[in-house]
Every structure is written in structure tokens, then in C-alpha cells.
Amino acid sequence: MAHHQAGKGARVPGLTRLLLALVLVLVVCANPSQGTQDNDTRAHGDEEHQQGNSTAHRKAFPVLSFNYEYVRKPFEISLWILLALLMKLGFHIIPRVSHVVPESCLLIFVGLLVGGVIKAIRQTAPVLDTDLFFLYLLPPIILDAGYFLPIRPFTENLGTILVFAVVGTLWNTFFVGGAMYGVCQLEGGQLRGVDLLSCLLFGSIVSAVDPVAVLAVFEEIHINELLYILVFGESLLNDAVTVVLYHLFEEFSHAGTVTVADALLGGLCFFVVSCGGILVGAIYGLLGAFTSRFTSHTRVIEPLFVFLYSYMAYLSAEVFHLSGIMSLIACGVVMRPYVEANISHKSYTTVKYFLKMWSSVSETLIFIFLGVSTVAGPHAWNWTFVIVTVVLCLVSRVLGVVGLTFVINKFRIVKLTKKDQFIVAYGGLRGAIAFSLGFLLTSNKMKDLFLTAIITLIFFTVFVQGMTIRPLVELLEVKKKRECDGSINEEIHTQFLDHLLVGIEDICGHYGHHHWKDKLSRFNKAYVKKWLIAGDRSTEPQLLSFYNKMEMKQAMMMVESGGGIGVFKPPLMVPNIEPTAPSRSKTVISKIREMEIRKMLHSNMQKNRQRLRSYSRHDLMMDPFEEDVSEVRFRKQRVEMERRMSHYLTVPAKRPEPPPSVRRVAFEPAHRVYTYDDGEGTPVEARRNASNAVSLLHESGREFQEEEEEKEEEQFKALRRLSDPGPKS
Amino acid sequence: MGSWQARPEQQQQQQQQQEQERWHYEELAHKSGFSTEQIKNLHKRFRQLSGNKETISRANLDSIPALANNPLKKQIIDAFFDKRNQWQDDEVGSLEEIGLEHFLMVMSHFRPPAHKSGEEERQAARRQKLRFLFNMHDTDGDGIITLAEYRKVVEELLSKSGAIGHQTAKAIADAAMLEVASINAPHMAPDDFYEGITFEHFQQILKGLEMESRMHIRFLDVDTTTMRCGKAPS
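Protein chains in written order, with this note's numbering: chain A, 25 to 753; chain B, 67 to 300.
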């Protein structure tokens, strides 16, 4: 903590000084009396400027003055962030490097360089403040990860993840701590002073897999979902264990002795920390969901609610020393389905982009600061200690994974193969959390020793393991991420299977996994959704929302696969041939969605082909929903498709046309876009249905088209007036 | 005195019965792939459902209260009585009542994959499970899922989820069908008409779901004490 104070006191990096020098050259004049408080940053030229016949005491009016102190803090912060982002930009411009070396390594390297430069100018570098890290840099990354966590694989593998997180981390801690102690005693010399509790404390710091590092590396290798969720889920859930163990051992090392009661209390603490964290997160999540129910008139501030509730969840958990990470994850997971059903499309996009942006910046800053701190910090290098640490961590990780998998496989249906085990073991990277926890240690001789070892371990895992994991994945032919996800057929059958399995379980009279899942989802639908989702959307079935999202995507794809052929009126609002009862008000939702589609397309004008991958930050830039598509082209294509469909799928009597070039729609379910907007109950006829675009001309023939077009035009005009007012509302 | 002497006979009879039962179970185990322990459990459940009779009728399955909430109730019950699910490839149609053997054959589609199964076995299991699903969709038994049949599937799926429009279900089914067509028959000539989903196409589109590891019930835990049949079918 002492370091922390020192860091804050003299926060003038050499770079800022250099820039200042540049600024000074441009400064023309300054009035000495204008806010000169800090001498070592102030360097200004004086200029006497006599104004007319003023008295000798009257100061001249300052035309141009210099006041750096006023903006110093934000200026420096902005400068650092700008530097980090420029570096990031630079990597992606140089293609060859970014293929071989993962970004995290490059950023650490840059940090080292910057740290070296600062040291050369003999300034005090800003260090990775523990407060800064835990309160500002870590939450965005965790929120981003938690909000977009793929729920299905996570819950399916929850048992495995928990075993790895809890038992695995405990094993690592005690193995590394104990073995370290043994080695220290054997080695003697300066290591003899390291007692068992300190070793265990050290073990608890280095044993936790770090989510930031894992995310940074795994995002780039696009590994299959199962492995990703295993390693990543473990890195998130082991926070509770780490927090408890760390505090436990720190307390003990002050107290000196450990009693059985203490150990039991420690065990209890673990449950309190993890369950308490989740509870806090869930409460905030429900609050956030409930709040979002009423935001239909103030769309602009919707994203803020998501961010603030989540951040508050994190901070509230930290107040009580509960696991902030688990709280944040729980908040995001609980909030997400309800919030997404309530907020507008634009807000959803905002939330997505801001989360990705902040987490990207945070990650960059963390790695750069890690590099800088390495150069800056006091080091106590001890060959034995460091090398033994690295070796022990590797060995314990491998043993832990292999041993646990052996046990877990007895309970799993889909067994983990040797390849899977290898990747899980190899992917256990350490990162900045370990560093910050090390920083938090009270200053003594041990601290420097530990810190050096931690930094070496982090460097080793990030550089060596991070760089080699990609070629190893290629070499071992590990299954990669499935490219085309989310076809409508798969979705239909996933749901079909769910119901089927529940039915079979009921026939067997067996209350199994599916039975409880079904009960939960029915409870959710019957009670929770009514409270948390506004309006009619609470009763919309999942298949329908999925389908509508898919429709949107398909529309996009159709546009890009077609060309701009000309203006064409869209028969989007065709009244259906079969008369239907107007009392089916549920389809009002779809009508509004139709509006959504049109609005979106109307405001965008550019083409793009990339599809979104949920886990990668880089690919976010090419979000198909931010594609600008020509509305005109879209409509034309849509009509084409409808026409083809009608002939393609109905009775052979009609003359069929070649199938459209529509390919399977594929998108990441994790990034589904909810297309709800402005559900102010605009009185529309019940039959309008977004999905009708597909079945529109289905039973009719082409002869209806002309009539429909005219109707379309009118309806379209009417709808425009009802469109989303935009940010100024 | 008579009863004392009758006992060894009774015992013999009982033994014989047990022998027969065991033999019966073993035969069933061989056919269906379950262990004799599992078959015993399932037999108990069977007797519960059938009211200690030899066969189960549709009414017996209908009266299970937990199934009332299931949107696929009718299809599931039909699947039990469907001859195609009895592993005899050429028979179509449905049975009126099913015995233990038929019950077990249907249940065998939901076995978890064996612990050490090779690639071929997994493919075979996947094929078998997909065939079961296909049979559920293909209600008229002609080997092809037509658009009308697929629409029915989607409608049933959405039936319990509130008053969803008929049109919506149709639209979804249409889109799904289009997707199948565009994957499996992308180069259809202008005059062709896409008849419906054949089993090969069906397998193709559901390739990614890895049925063999998803479509199973953990039979190891089937325990009669937790079974509640509700009203006993009289």
C-alpha cells in the first residue's frame, strides 16, 4: 500500500514532460499570476505587456496563459489511453506480427519499452495501482464477459466448471504452497525466512487462472465452445476461492497460528463469499430488469442502467468482501434476457459496443501497465525461487487437470478427451489479478521476492503459453468453433428435443435434469417475465423471437447477395389471404418489428459481410447490424425471395423458379438483437406480421403483387410517422 | 400338514417363474441394450402405468398428469405406438397396445452413449436417434417430411406458448424448409419442386447438434420410489 501512495504523489511520466516541452515552444505569453501552483511542471515565459496608461500595479490582460495543473490529471489519463490505443492500432496494421504473437504479448512488450523509457528519464512511472485495477480496469472486462456468456453451454457444464474452479484451485494452492515451503527449507540461504503461511499465501496468489489473460488469448484462437467455456468459466468462478484463500492466509500470517476453528470458518467463508456474491448480483440484476421495463419513453438512458446496475453490484459485493466478479457475472446473466426484451435495438447496440469498447481499452491498459510496472517495481531476483515457482505451477496444473478429469468423466456424458485435457491445462494462464494481489501484500522482504516470481510466472504463461497455444491447437487438430450457428432448423429441434426429453422423463416417472429445467422455464414464463418484461412481449415464445431475429439477419444477407437494381416497392404489409380474427393481438409485436427492420435499413447505407463472433473483440467492428444496407435493394431482394418461395414450396402446379441465393442464415445467438422498439401500442391491424414477408405471397400468386405494392406505400408512409424519434427524445 | 409338503412345490414353481423372468429379461436386455437392472426398474414403471396389466394403451399414457403441460404430448404418445420405432424397418402403422418389449424398444432410443464407443457406434446411435425424430415428424409414414407436416410440427411446438398466429407458425416452418432445401438441393433446376425432407437431408441439417450426446435420459437414476404415476389408470 505504501507503494500506492508513492505512485500517486509523483505522477508525472517522462512522456508528458516531453510533450510539455513541445507545448511550451508554442506558448506566446503568460501571466505569472494565473494559477501557478506547482513549480516542477510550470515553465512559462513571462511577458510584460503594458496596456495603455494603466497604473503600474494593474496587471496586463492575459491574452494567452498557461495552466497545466488544471487539466493535469485528465490530460495524463487521456494521454495514456490514447497511447495504448495507438499501439493497438499499430499492431493490427502490421499483419504478420499479429498472426504469430497474441496481442497481449505485444502490449506487455510495449509496456516494457515505455517503462524503460520512463526509467531512463529517471521519472517515477505510474504503476498498476491495485485500486485502479480492481475498481476501474477489471469490471468492464468481467461485465463484458458475463453479459455475453453463452448460457447453454455454461449451465450444461456447470458441474465440471465448478469442480475445476474450486477443487482445482485448492489443489494448486496447497501443492504449490507446500512444495515451495519444502524447497525453501531445503535451499536455505535467503529463503529460509519464508514460512509456511507465507508460502501458502503465495500459492493462493499464483494458482488462480486469470480471466483477462484467458480471454485475450482464447479469443484469437477460436477454439470450440466446450473448451472455451471450461477454461473461461473456471477463470471466472475461481475468484471466490482466490478471495477467500487470500484473505484467509493473510489473516493467518499476521496472527501466526492456525486453529481448526479458523479452518472451519474459512470453509464457511467460502460459501458466504460465493453465494453472497451471486445473490447480490442477482438482486441488482432483477432491479435492472425491472427498471428497464419502464424505459420506453426515455430510450437514451437505457444503456446506462445496464452499466450502472452492474457496476453497483460489483462495488456492493466488494464492500462486504464478497466475490465481486461472481456478483458481476450473476448480475449480467440475470439481467440480460429481460433487459433485451425491453430495450430498443439502438440501446442494445449501444450496450454491446460500449461493453466491448471499455473492455478492450481496459485490457490494453492492463497489459501495458503490467509491462511498465515490471520495469519500475523493486525486484528481488532469486533464481531458485522463480524457477521452482514456474515449474511447480505447470506441474500442479497438469496434475490437477488430469486427476480431476478422471473423476469428472465418470459423471459426464460427453467425456473429456486427452486433447481436451491438454488444452484445459495449457490454457490456464495467469495474469494481472495475480499481480495486483501480490501488490496488495504488506511490504516486507518477502513481498519483493514474491512479486518478482509472480511477474516471471505471468510473463512465462502469457508469452510462452500464449504464443504457442495457437500452433499447438493447429497441430493437435483440436475442434474449432462451429462456423454456422443458429439455423432455424437447429433451433426448432433444440426446443423440440427439450420438450421430448421432458415428456419421456415424465413417462418414466423420473425427475431428472430436463424436468427441473422445464419447471424453471415455466416458472420464469408464468411469473418472472410478467414482472420484468413490458407489454405483450412477456408472452412471446423463444422460437418466435429467434425467428424474427433470424429474419433480420436474412434480410441483411439477402441485400448483400443482391445488387442495386432499382427502386421497388416492398410488399411487406400484405394483408393475408386467409382471414384471421383481429383479436389475435399478440402479433402486434411483429408489426412493430417490421417497422424496426425498415427503420434500421433506412438509416444505414453500407454493405458488409462479416458475421459476428460472440467472444472476439476484434470482430465486433464488423457487426452486420451496423451494416448499411440499401433499403431499396433489401426490398427488391425480399420480393424476389418471396416469389421464389411461393413457387418453390407449394404445390407443383405453379411454375417454380430457381431457388434464391439465400444461404443458411448464421449468426451468434449470443448476440441476438432484440428488435423491439417503441412499443407504445400503436394501433395496428393484428395481421401484420414480420414473418409474413416469407409466407406473404405464399398462397397467392404474382397477380396480387401490384395491389399490394400500392397498399404498401400507404402503410409505409403511415408507419414512418410512428418511427423511432431517435436520440433527441 | 398339507401346506408343509406343498411348500417345496411352491418354491419350485416360484423358482421356475423367476428363472423364466430372468430369461425373459436377458432376452430383452440383449434386444434393447439395457442392463437387467434397468429393465427391472422399467418393468416396475410399466406395471404402474398399465395398472398391473400386460399391455399399455394410449389412455394409460394420456393420464399421466405431468404430460398435460407438454406441447408435444400427442406426438410423444404416438411415438410409443408407432411400429417404425420398433426397429423393424419395413413396418408402418401403429399398434393399439404395447407390451413391455415394445416399451423397452422405444426407450432404448434414449440410452446415453456407451462409455467407450467408437466412431462407428456413435454414428449408428446418432442415426437411430435421428430416425426416431424423423418418424415423429413424418406422420403419414411415407418417408418424407412434407411442408404440411413440418408446419404441423412447428404449430404444435408453439401451441402451448399463448395464442400465436397460425400464420407465424407457417412462416417459421416455411423458412425452415427453405433452409433445408437450400442446403441439400442448392442446384435445383427451375422446374423442380422440392418434395420434402428425406431422411438423408434430415441427417444433414441436424449434423451440428450431435444428437448422440444430447438425446438421452440418465437411466442410471431411474428409481421407483421417486416415481409418481398420479391417478392410477383404472
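Glycine included, C-beta positions come from ideal geometry on N, C-alpha and C. For clarity, every value in this text was computed on a predicted model and none was experimentally measured.
Min CB distance residue i to chain B below 8 Å
i: A:Leu556; result: no
i: A:Ser511; result: yes
i: A:Leu568; result: yes
i: A:Leu521; result: yes
i: A:Glu514; result: yes
i: A:His246; result: no
i: A:Thr699; result: Legend: pLDDT at A:Thr699 = 37, less than 50; position of this residue unreliable, no value from coordinates given.
i: A:Tyr571; result: yes
i: A:Pro683; result: Caution is warranted here: a pLDDT of 42 is assigned to A:Pro683, below 50, making its placement in the model unreliable, and the coordinate value is therefore given only provisionally. Yes, its Cβ sits closer than 8 Å to a Cβ of chain B.
i: A:Arg176; result: no
i: A:His271; result: no
i: A:Asn716; result: Because the pLDDT at A:Asn716 is just 40, under 50, the model does not fix this residue reliably, and the value given afterwards should be weighed accordingly. Judged by the 8 Å Cβ criterion, A:Asn716 is in contact with chain B.
i: A:Arg454; result: no
Selection from the options that minimises the alpha carbon distance to residue i
i: A:Phe391; options: A:Leu182, A:Ala458, A:Tyr308, A:Ser420; result: A:Ala458
i: A:Pro402; options: A:Phe463, A:Thr441, A:Val141, A:Ser384; result: A:Phe463
i: B:Ile211; options: B:Glu85, B:Ser174, B:Gln269, B:Met281; result: B:Gln269
i: B:Asn151; options: B:Glu162, B:Ile130, B:Ser174, B:Ser129; result: B:Ser174
i: A:Ile411; options: A:Ile479, A:Val357, A:Arg436; result: A:Ile479
i: A:Phe435; options: B:Gly262, B:Ala134, B:Pro179, B:Asp128; result: B:Pro179
i: A:Ile493; options: A:Gly451, A:Thr266, A:Leu481, A:Leu389; result: A:Gly451
Local conformation of residue i per DSSP, three classes
i: A:Lys504; result: strand
i: B:Glu187; result: helix
i: B:Ser160; result: strand
i: A:Ser347; result: coil
i: B:Asp148; result: strand
i: A:Ser511; result: coil
i: B:Ile301; result: The structure shown has nothing for residue 301 of chain B, since chain B only spans 67 to 300.
i: A:Ser231; result: coil
i: A:Ser747; result: With a pLDDT of 41 at A:Ser747, under the threshold of 50, the modelled position of that residue is not reliable, and the figure given next carries that caveat. Coil, per DSSP.
i: B:Ser101; result: coil
i: A:Asp647; result: With a pLDDT of only 40 at A:Asp647, under the threshold of 50, the placement of this residue in the model should not be trusted; the figure read from the coordinates follows. DSSP places A:Asp647 in coil when its eight states are reduced to three.
i: A:Tyr700; result: Unreliable positioning characterises A:Tyr700 in this predicted model, as indicated by a pLDDT of 37, which lies under 50. The coordinate reading is nonetheless provided below. DSSP places A:Tyr700 in coil when its eight states are reduced to three.
i: A:Ser102; result: helix
i: A:Ile353; result: helix
i: B:Ile211; result: strand
i: B:Gln86; result: helix
i: B:Ser123; result: strand
Chain A contact for residue i (CB, 8 Å cutoff)
i: B:Leu224; result: yes
i: B:Ala242; result: yes
i: B:Ile238; result: yes
i: B:Glu186; result: no
Heavy atom of the ligand ATP within 7 Å of residue i beta-carbon
i: B:Ala214; result: Because no ligand of any kind appears in the structure shown, any question about the ligand ATP cannot be addressed here.
Would you call the stretch 367 to 383 of chain A in contact with the stretch 437 to 447 of chain A, where contact means no fewer than 3 C-beta pairs closer than 8 Å? No: fewer than three Cβ pairs fall under 8 Å.
Could you list the residues in the stretch 112 to 124 of chain B with a C-beta less than 9 Å from some C-beta on chain A, going in chain order? The stretch 112 to 124 of chain B vs chain A, Cβ under 9 Å: Gln114, Leu115.
Chain B contacts from the stretch 525 to 539 of chain A (Cβ-Cβ distance under 9 Å): Per Cβ criterion, the list reads Leu525, Val526, Gly527, Ile528, Glu529, Asp530, Ile531, Cys532, Gly533, His534, Tyr535, Gly536, His537, His538, His539.
Check distances from the C-beta atoms of the stretch 431 to 442 of chain A to those of chain B and list, in chain order, the residues that come in under 7 Å. Within the stretch 431 to 442 of chain A, the qualifying residues are Ile437, Val438.
Taking any Cβ of chain B, which residues in the stretch 92 to 110 of chain A have a Cβ under 7 Å from it, in chain order? Result list empty, no residue passes.
So, does the stretch 411 to 421 of chain A touch the stretch 197 to 210 of chain A, judging by three or more C-beta pairs under 8 Å? Yes, since at least three Cβ pairs between the stretch 411 to 421 of chain A and the stretch 197 to 210 of chain A fall closer than 8 Å, the two stretches touch.
Along the stretch 271 to 285 of chain B, where does the CB come closer than 9 Å to a CB of chain A? Name the residues. Contact annotation: in the stretch 271 to 285 of chain B, residues whose CB is within less than 9 Å of a CB in chain A are Ile271, Leu272, Gly274, Leu275, Glu276, Met277, Ser279, Arg280, Met281, His282, Ile283, Arg284, Phe285.
With 9 Å as the limit, tell me which residues of the stretch 122 to 145 of chain B have their beta carbon closer than that to any beta carbon of chain A; keep them in chain order. For chain A, the residues of the stretch 122 to 145 of chain B that bring a beta carbon within less than 9 Å of one of its beta carbons are Leu127, Ile130, Pro131, Ala132, Leu133, Asn135, Asn136, Pro137, Leu138, Lys139, Gln141, Ile142, Ile143, Ala145, in chain order.
Against chain B, which members of the stretch 109 to 124 of chain A pass a CB distance test of less than 7 Å? From the stretch 109 to 124 of chain A, no residue has a Cβ closer than 7 Å to chain B.
Any chance the stretch 95 to 105 of chain B sits against the stretch 132 to 151 of chain B, with 3 or more Cβ pairs inside 8 Å? In the pairwise beta carbon analysis, the stretch 95 to 105 of chain B is classified as not touching the stretch 132 to 151 of chain B: fewer than three pairs are separated by under 8 Å.
Three CB pairs or more closer than 8 Å across the stretch 227 to 247 of chain A and the stretch 114 to 132 of chain A: With a cut-off of 8 Å, the stretch 114 to 132 of chain A and the stretch 227 to 247 of chain A count as touching, because enough Cβ pairs lie within range.
Does the stretch 314 to 325 of chain A touch the stretch 291 to 301 of chain A, meaning 3 or more C-beta pairs lie closer than 8 Å? Segments in contact, no.
Contact between the stretch 165 to 173 of chain B and the stretch 107 to 125 of chain B is defined here as three or more beta-carbon pairs at a separation below 8 Å; is this criterion met? Yes, they touch.
Touching by the beta-carbon criterion (3+ pairs, under 8 Å), the stretch 392 to 411 of chain A and the stretch 146 to 154 of chain A: The stretch 392 to 411 of chain A vs the stretch 146 to 154 of chain A: in contact.
Closer than 8 Å is the cut-off here; do at least three beta carbon pairs connect the stretch 548 to 557 of chain A with the stretch 357 to 369 of chain A? At 8 Å Cβ cutoff, the stretches touch.
At a cut of 8 Å, does the stretch 531 to 546 of chain A reach the stretch 129 to 144 of chain B through at least three beta carbon pairs? Yes, the stretch 531 to 546 of chain A touches the stretch 129 to 144 of chain B.
For the stretch 262 to 272 of chain A against the stretch 309 to 318 of chain A, do three or more pairs of beta-carbon atoms, one drawn from each stretch, fall closer than 8 Å, so that the two count as touching? The stretch 262 to 272 of chain A is not in contact with the stretch 309 to 318 of chain A.
Indicate whether the contact test is met: 3 or more Cβ pairs, each with one atom in the stretch 423 to 433 of chain A and one in the stretch 184 to 193 of chain A, closer than 8 Å. Yes, the stretch 423 to 433 of chain A touches the stretch 184 to 193 of chain A.
Validate contact between the stretch 154 to 166 of chain A and the stretch 226 to 239 of chain A using beta carbons, cut 8 Å, 3 pairs: In this structure the stretch 154 to 166 of chain A lies against the stretch 226 to 239 of chain A, because at least three pairs of beta carbons, one per stretch, are closer than 8 Å.
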